[in-house]
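Note sheet for the following structure.
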Amino acid sequence: MAELLPGRLARLAALTVLAFVLMAAFAPWVAPHDPGATDLFRRLQPPGWMEEGDWAFPLGCDALGRDILSRIIYGARVSIFIGVVVVLIATMIGVAAGLAAGYLRGWVDRVISGLVDILLGFPYLIFAVGLMAMMGPGVLNMVLALAYKEWVVPCRVVRGETLAARETEYVEAARAIGASSATIMAHEVLPNILSPVIVVATVRIAQVIILEASLSFLGLGVQPPAASWGSMVADGRGYILDAWWVSTFPGFAILLLVLSINVASQAVRDALDPRFHD
Amino acid sequence: MSPLLDVKDLVKHYGVGQGLLGRLFGAPPRKVQALNGVSLHVGAGETLGLIGESGCGKSTLGRAILRLHEPDSGSVTFGGVDVTALDTGGLKAMRRRMQIIFQNPYASLNPRKPVGEILAQPLRLHRLAEGAALRERVREMLEHVGLRAAHADRYPHQFSGGQRQRIGIARALILNPEFVVCDEPVSALDVSVQAQIIDLLARLKRELGLTYLFISHDIAVIGYVSDRVAVMYLGEIVENGPARAVLRRPYHPYTRALMSAVPRVDRADQQQERVRLHGDLPSPMDPPPGCRFHTRCGFATDLCRSVAPLRRQLEEDRMVACHHFPEPAP
Amino acid sequence: MTEPLLSIADLRVAFATRQGLVRAVDGVSLDVREGECLGIVGESGSGKSVTFAGVMGLIRPPGRIEGGSIRFEGRELVGLDPQAYRRLRGRDIAMTLQDAQTSLNPALTVGTQILEVLLAHGDDLPSGRARLRAARQRAVDMMTLVGIPAAARRLGDYPHQFSGGMRQRMMIAIALSCRPKLLIADEPTTALDVTIQAQVLELIASIRATLGMSVVLITHDLGVVAEYCDRVAVLYAGQIVESGPTAQVISDPRHPYTAGLLRSVPVLSHLDRPIHPIEGQVPDLIDLPPGCRFLPRCPMARTACHNPVPFHAFAEGRAARCVLAEAPR
């Protein structure tokens, strides 16, 4: 029984992630209201189940009377988009850099590893804030600011795995038949190190979503009136005692999505581990 | 007649980790002397057996000949071509002529590729065949090593150790090489399967006119497959010559110790005395001065402890590097 | 006749896998007598290691002892409670594993590791404060016995400071530290070079003579058995196919598998004699047919071999699982 539980939990988590993705993709059809439509008569209206609440606005409204549920649904688009795109870019750069560093060694390795060490020296958030301060706010700049440093993570994983793989006899065999370094990296090493890369990527999507929320909270992300979970939490912090729902529900959305991704990534890890297969 | 493969004074030292403190404080790098001036030759159609214990440098030698590990100095001449001087393009062309079979059939096949793909890769790389001709060649090679055409679609983990070794052999031979380094090709296999692979290698050699450098720690296997043998100890060849002559009458005390250490089923009716070795193999990072074997040799004298013995050429194409055997050096 | 030290009767061990039940040991019966050295020969998957993991009480799920009995000094070990087993292991029966590299804990000094065993099992050591000193002395004695020079100084060394041969010796010293009545050596030399292998095997032989213990030597090498064992049992696919005094089994094998093994390795003194491989593969241990398990690879197979073949004695001290056992080749 104890062995089954993680499996079920992971499946539930995966379904939750899927639900978020579908919700984001079909936001215009799913959302009950226009996320930007203000209505000052509904300013700080409580959730549906409370007194003065209205079930047409189930999670209540914010300081401008906008429907919180609809804004969360649209906000999912920003979070998931940034999470996926940043990790995708970072993985492509990181895999290429990590393969080159780990397989070619020598000066290539020294340059790449040196760069990685330098980037690791900066606290992630402060680094991104600094970059965005230079480039200005906005979704595209946020993607760039995060990808600048995010590639370090897959790069280190790939470099380590490549160092191990390059010593294997099948890589030696490929060299013995005359394969070039590029061929060996692409055909021999890469397929064998893909599993940890995919596992790391899924976990990192969750991390990037938190970073996106943090940057948006600081006002550096998507610009008003567009919705982002981070900026929604920030908007509500002035009313936290009178209207807790304005900050709490977007915060809860971040928590649920990040947690689900992390749990689901366990399932991805197990699915990719050859020890569980025949 | 000049030999097919001629190795002269091959040297390979590896730098090894110095530990954290050593690196931080710039201690001089430590070196493993894997090959310390190795010379040997292999005639066309011959099998040279290379025997030695772990860490003696025999695998490094096989790889240095193929330039899978770059030698530090010395030369490798194959069919009149200086392999050590080849550029990338020349080396790639040379790879068609010189191949290698690995020890561990579990590590030498890429687990993510079907067998057909593993065998097709060398042909594609050298643009030797494509399409139907390529599939036909793969099928033919599989059958040549005792597997079936249908095996091409399976992955390495679906095969037993012996079958995987057959796949490794097929990959090495699909380019029609003239020379193959067999690096402990049967050591990782079960006893009853070892003989299958030894037989297979012998048959392929006959049918395809191959030349082998056969590396093993098993002196009986070496004696069985080889025309000539070379005995390696701590990065140096201490004795070589025709297999039967060396194994019937070994000169170097190390060769004698190796032979007498092998447990054998016929010891009872042989009743010969054992040459025992005491102590362990010295570290190749810090080989003893003089004769490298003197720390374990029962015949060592002061001469052995201070002066490295010369390689002496003896009768019937034999060489031994010892001060005292077969008779004291002049 | 006195009762054997260890007596295994009809032992059956199976492992539950996704593909089905793997019968790794299927009806193994053998005796180890007081003071003798028994060789166990088999290839991977023959069940040789699993049999003795069973003796040591080390079969863990998905593995299970399905039946049979293991008696040590007349006491049944199958179903023995874990507490009693722990007391037995290390004190009465000790086992050394093939890979000394991984069997010693790299984070502890070898002294700690040998003292741990001595303090836990050394019943003849004094109690109280003198115990540690006595245990230390015993540890040094044992290490000296197995040929580790300057043993007292090396107690503080970590396993990585030992060479491969020295680590194997250390494992033997730990195994012998409580003077077990039975030492099970599982491939003690496979990972070692021949010159070191000879040293270790001779060491085991001389300690056996000194301490008068029994030794089970598990190996794939018939040469090792020929030189060091009084009797031998050959395993194939989970069953014993032949057993008897070593010299007789080697000079006159009565099971085609034993004969095949002997013919498949080159012999140094007869290099001109061609070797003959045993064709085919070791069978899959799931869903085996009822007949002889060697049948598909046997050059002498006949109709009778498709029925179950009993493991039967055909001469004094000799037994084989073959319908042709009675006929010398």
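Chains as they are written, first to last, in UniProt numbering: chain A, 1 to 278; chain B, 1 to 330; chain C, 1 to 329. From the three backbone atoms N, C-alpha and C, an ideal C-beta is built for every residue, glycine too. No experiment lies behind these values; they were computed from the predicted model shown.
In three-state DSSP terms, what is residue i?
| i | result |
| --- | --- |
| Ile278 (chain C) | coil |
| Arg75 (chain C) | strand |
| Asp269 (chain B) | At Asp269 (chain B), the pLDDT of 49 sits below 50, so the modelled position is not reliable and the matter cannot be decided from this model. |
| Ala10 (chain A) | helix |
| Gln103 (chain B) | coil |
| Ser69 (chain C) | strand |
| Gly209 (chain B) | coil |
| Glu143 (chain B) | helix |
| Phe159 (chain B) | coil |
| Arg269 (chain A) | helix |
| Leu44 (chain A) | coil |
| Glu34 (chain C) | coil |
| Phe122 (chain A) | coil |
| Thr96 (chain C) | strand |
| Val181 (chain B) | strand |
| Ala185 (chain C) | strand |
Do you know offhand how far residue i's Cα is from residue j's?
| i | j | result |
| --- | --- | --- |
| Pro299 (chain C) | Glu76 (chain C) | 40 Å |
| Phe127 (chain A) | Gly251 (chain A) | 23 Å |
| Ser29 (chain C) | Pro188 (chain C) | 23 Å |
| Ala226 (chain C) | Val193 (chain B) | 21 Å |
| Ser177 (chain C) | Lys48 (chain C) | 25 Å |
| Met171 (chain C) | Ala188 (chain B) | 24 Å |
| Gln271 (chain B) | Cys182 (chain B) | Interpretation of Gln271 (chain B) is limited by its pLDDT of 49, a score under 50 that renders its predicted location unreliable; no figure is taken from the coordinates. |
| Val55 (chain C) | Leu80 (chain C) | 11 Å |
| Glu34 (chain C) | Met213 (chain C) | 7 Å |
| Gln103 (chain B) | Ala85 (chain B) | 28 Å |
| Val78 (chain A) | Val139 (chain A) | 8 Å |
| Glu53 (chain B) | Arg87 (chain C) | 40 Å |
| Ala149 (chain B) | Arg139 (chain B) | 5 Å |
| Asp269 (chain B) | Ser195 (chain A) | Any reading at Asp269 (chain B) needs caution, since the residue's pLDDT is 49, under 50, leaving its predicted position unreliable; the model's value is listed next. Distance between the alpha carbons of Asp269 (chain B) and Ser195 (chain A) is about 58 Å. |
| Arg228 (chain B) | Glu46 (chain B) | 8 Å |
| Val320 (chain B) | Leu183 (chain C) | 42 Å |
| Gln121 (chain B) | His151 (chain B) | 16 Å |
| Trp107 (chain A) | Leu115 (chain A) | 12 Å |
| Leu132 (chain C) | Leu119 (chain C) | 7 Å |
Based on DSSP bridge pairs, tell me the residues matched to residue i.
| i | result |
| --- | --- |
| Arg228 (chain B) | B:Leu48 and B:Pro242 |
| His41 (chain B) | B:Asp6 |
| Ala315 (chain C) | C:Arg318 |
| Lys12 (chain B) | B:Leu35 |
| Ala16 (chain C) | C:Leu21 |
| Leu11 (chain C) | C:Val28 |
| Thr219 (chain C) | C:Val41 |
| Ser73 (chain B) | B:Val11 |
| Gln313 (chain B) | B:Met319 |
| Val232 (chain C) | C:Gly39 and C:Gly244 |
Do residue j and residue i count as a contact pair if the criterion is CB distance below 8 Å?
| i | j | result |
| --- | --- | --- |
| Ser59 (chain B) | Glu169 (chain A) | no |
| Ile148 (chain C) | Arg169 (chain C) | yes |
| Gly63 (chain C) | Val13 (chain C) | yes |
| Glu238 (chain C) | Ala16 (chain C) | The sequence shown places Gly at residue 238 (chain C), not Glu. Contact flag unset, no. |
| Thr246 (chain C) | Asp186 (chain C) | no |
| Gln45 (chain A) | Glu51 (chain A) | no |
| Ala320 (chain C) | Val241 (chain C) | yes |
| Ala101 (chain A) | Arg159 (chain A) | yes |
| Val263 (chain A) | Val200 (chain A) | no |
| Gly238 (chain A) | Glu212 (chain A) | no |
| Val87 (chain A) | Glu161 (chain A) | no |
Interface residues of chain B around residue i at Cβ under 7 Å?
| i | result |
| --- | --- |
| Gly160 (chain A) | Under the 7 Å cutoff, chain B gives no residues; its nearest Cβ is about 16 Å from Gly160 (chain A). |
Could you work out which residues of chain A lie near residue i, taking near to mean beta carbons separated by less than 9 Å?
| i | result |
| --- | --- |
| His126 (chain B) | Ile177 and Gly178 |
| Leu314 (chain B) | Per Cβ cutoff of 9 Å: no residues; Leu314 (chain B) is ~35 Å from chain A at best. |
Under 8 Å between beta-carbons, which chain B residues line up against residue i? List them in chain order, please.
| i | result |
| --- | --- |
| Asn192 (chain A) | Asn110, Pro111 and Arg112 |
| Glu188 (chain A) | Asn110 |
Can you pull the chain A neighbours of residue i, defined as C-beta to C-beta under 7 Å?
| i | result |
| --- | --- |
| Phe179 (chain B) | Those within 7 Å of Phe179 (chain B) in chain A number zero; the least Cβ separation is about 12 Å. |
| Lys92 (chain B) | Gly178 |
Can you pull the chain A neighbours of residue i, defined as C-beta to C-beta under 8 Å?
| i | result |
| --- | --- |
| Phe102 (chain B) | Glu169, Glu172 and Ala173 |
Which chain B residues are close to residue i, counting only those with a beta carbon under 9 Å from its beta carbon?
| i | result |
| --- | --- |
| Leu104 (chain C) | Residues of chain B passing the Cβ test: none, with the nearest at roughly 17 Å. |
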